[in-house]
Every structure is written in structure tokens, then in C-alpha cells.
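Remarks on the structure that follows.
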Amino acid sequence: MPRIRCTHCGKVIVVPRDDAGAIFVCMACGKRNETPVLGQDGEAWAAMRKAVERDVNKWREGMGGE
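Residue numbers (the numbering used here): 16 to 81.
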């Protein structure tokens, strides 16, 4: 399994391959970090993330841009 180093405190965390491209919160300092994207799984994750971001933007526009 890949190891991710927190960008804030440097703690090393083991991340399952299934979580490629996911965001995790460091248990030591609470900082949000993004795992690197791996191969095809990463491409699929990036496409899904873009779709969700588009939906979020539509929702925000419907809420008056808040």
C-alpha cells in the first residue's frame, strides 16, 4: 500500500490503493491532504471528482452563489 506524508506535520500514513486521489485528514494534526492519483483508477477518480464539482457549482448558483 502507498504511504502518504502529511504536508503539514510530516506524519506518514498508509493509504489503501482503492483510495487513490482521495482526500484524507491527518490524525496527528487535522490537516486535509490529497493522495496521489494512481493509473486508470486515478483517471476515473478525477473524472468523477469533476462531475461532482460541476454539480456543486450548479447547486451554489441555485442558492444565490453562496
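Heads up, the beta-carbon is just placed ideally off N, CA and C, and yes, glycines get one too. Small disclaimer: the values here were computed from a predicted structure and weren't measured.
Query raised in the report: Given 8 Å as the limit, is there contact between the stretch 66 to 80 and the stretch 40 to 47, that is, 3 or more CB pairs closer than that?
Result: no
Query raised in the report: According to DSSP, which residues form a beta bridge with N48?
Result: Taking the sequence shown and counting its residues from 1, the one referred to as residue 48 is at position 33. DSSP lists F39 as partners of N48.
Query - Chain-order list of residues whose beta-carbon lies under 6 Å from that of D28 (same chain, five-residue window excluded) - result: Taking the first residue of the sequence shown as 1, we reach residue 28 at position 13. Reading off the sequence shown, one finds Ile at residue 28, where the question assumed Asp. These residues qualify, in order along the chain: I19.
Report task. Check the C-beta distance from G36 over to A61 and give it rounded, since I have them as a contact under 8 Å. Result -> On the sequence shown, residue 36 is found 21 positions in, with the first residue counted as 1. On the sequence shown, residue 61 is found 46 positions in, with the first residue counted as 1. Right, the Cβ-Cβ distance comes to about 6 Å (below 8 Å), so this counts as a contact.
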